[in-house]
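The structure appears right after this line, and notes come after that.
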Amino acid sequence: MSIGIDEVRAFIRQLPDAAAVAQVQEAAARRLGELDKATHDGIVAGRRARINDSLRPAFLRRLTGTVQERNRTGTRAGFLLDEESTRLLRTDPRNRYRIPEGTKRFRLPGNGVPVSCLDLIED
C-alpha cells in the first residue's frame, strides 16, 4: 500500500517538536540526493552533452561538447566544447574566457560544470 502526500503532510503536522521535523527534513534531503545521483549516473567521461538552461553564466547555455572526468564527489564534470560551440563561445560578446584563435575545442576552465546542468545527447 502506498502512502500519499496528504498522509505524509498529516504525519508531519503531528510531530511533537522541531527536532522531529528536522529528522524528517534530513531524511527527505538524503532521498533527494539519492534520486539526483541516480538521475545523473549516466553522465560519464566520453558522453556527449548539452549545457542546459539552468547554468549561470547564461552565455554557456546550450553549448555542446564532451563530458570529461567527474570530481571526487561526482557533482561536477570537466567539459570539452565541440568545434562549433568553441566557435560560438569565441565570438559571443558576453564571453569572459580567452580562447586562442587556433583552438578548435575549448575545455571550460575551473572546477567543472555541475552535472545537473548537463543533458546527454544521444549519438
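Each residue of the sequence shown is one higher than the one before, starting from 977 at the first, in the working numbering. The beta-carbon is built from N, C-alpha and C at its ideal position, and this holds for glycine as well. Bear in mind the structure is a predicted one, so any value in this text is a computation, not a measurement.
Spatial neighbours of residue i in its chain, beta-carbon cut-off 6 Å, leaving aside the 5 residues before and after
| i | result |
| --- | --- |
| ARG1023 | VAL1043 and LEU1096 |
Run of the alpha helix (DSSP H) containing residue i, from where it starts to where it stops
| i | result |
| --- | --- |
| GLY989 | It is worth fixing the name first, because residue 989 is Arg in this sequence and not Gly. Element bounds for ARG989: 981-989. |
Nearest-angstrom Cβ-Cβ length linking residue i and residue j, presumed shorter than 8 Å
| i | j | result |
| --- | --- | --- |
| THR1062 | LYS1080 | 6 Å |
| TYR1073 | PRO1090 | Contact doesn't hold; Cβ gap of about 18 Å is too wide. |
| LEU1094 | ALA1025 | 4 Å |
| LEU1057 | LEU1065 | 6 Å |
| GLY1054 | ARG1083 | 6 Å |
N-terminal and C-terminal residue of the beta strand (DSSP E) that residue i is part of
| i | result |
| --- | --- |
| VAL1020 | Unbroken run through VAL1020: none, as it is neither H nor E. |
| GLU1045 | 1040-1046 |
Same chain only: Cβ atoms within 8 Å of residue i, ignoring 5 sequence neighbours per side
| i | result |
| --- | --- |
| ILE981 | none |
| GLU1059 | LYS1080 and ARG1081 |
In chain order, each alpha helix (DSSP H) run of at least 4 residues that lies wholly inside the segment 1056-1085: 1059-1067
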